[in-house]
Structure formats: C-alpha cells, structure tokens
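Working notes for the structure below.
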Amino acid sequence: MAQFKCYICNTIVKTGEKFTFTKSGSVHYDCFISAKRKELGSKNEEKLRVLSLILDSQLQHLLDMLAIAEVPEDMKEIFRVKYKDIEKACGETTRQISEL
Ligand SMILES: [Zn+2]
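59 is the number that numbering that gives the first Met the number 0 gives to position 60 of the sequence shown; each next residue is one higher, with no gaps.
Rendered as structure tokens:
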C-alpha cells in the first residue's frame, strides 16, 4: 500500500487505520471527524453524527476487503470493481461531510 500522511496530525497512516481523501489530501477518519466537529460546533450536529457513522462503516468495509489476502487470478477484476464501488461511496460521504 502506498504511504499517506494525515494532513491534520502529520503522521503516516498505518495499515489498518481508517483514512479518507478530501480536497486537502489524505486524512485519518478520526482526525477528519473531530476537526469537523470542532469547526461546526452545534451546527449540523445530527447530520455530522449520521454521516460520520455511515463513513465509519464504509471505511470498515474497505479495510475488510483489503484483509482478503488471496484473490484468485480470475477474480481480480471482480474484486477490483467491487473495491472501487465502495471507495466511490466513501468518497461521496467524505464530500458530504466536507460540505456541512
Ligand atoms: Zn491524523
């Protein structure tokens, strides 16, 4: 896996840690959500709560897929497409959180 640095806490994202991409770059899930919570205060609190839970489960889904060690050669394309679908869903939820 390529190495990514979190633009909030400035540490390298470790394998197995949840992270996402925003316009500013790569960021830990926890860093992203807590910064957003501080920024918003009580504004859109419920929306942030729901979207952050959705993003958490989507990112967990990605990690679970990455944990599938052996993918047979003739399934690699299927795997890639499925992975990309979830990645896209994560990106969309991240964008919705950014726009709160
Ligand atoms: Zn971080």
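Ideal Cβ positions, reconstructed from N, Cα and C, are used throughout, including at glycine.
DSSP, read as helix, strand or coil, puts Val26 in strand.
Exposure of Thr14 is indicated by the presence of fewer than 16 other C-beta atoms within 10 angstroms of its C-beta. DSSP lists Ile11 as the beta-bridge partner residues of Lys4.
Separation of Glu98 and Ser25 (C-alpha to C-alpha, rounded to the nearest whole angstrom) is 17 Å. Residue environment: Thr19 is assigned as buried (16 or more neighbouring CB atoms within 10 Å of its CB, all protein chains considered). Contact between Thr21 and Thr93 holds: their C-beta atoms lie close to 6 Å from each other, under 8 Å. Just so you know, the alpha carbons of Val12 and Ile77 end up roughly 27 Å apart. Not one heavy atom of ligand 1 falls within 7 Å of the beta-carbon of Thr21. Taking C-beta atoms as the reference points, Leu50 and Arg36 fail to come closer than 8 Å.
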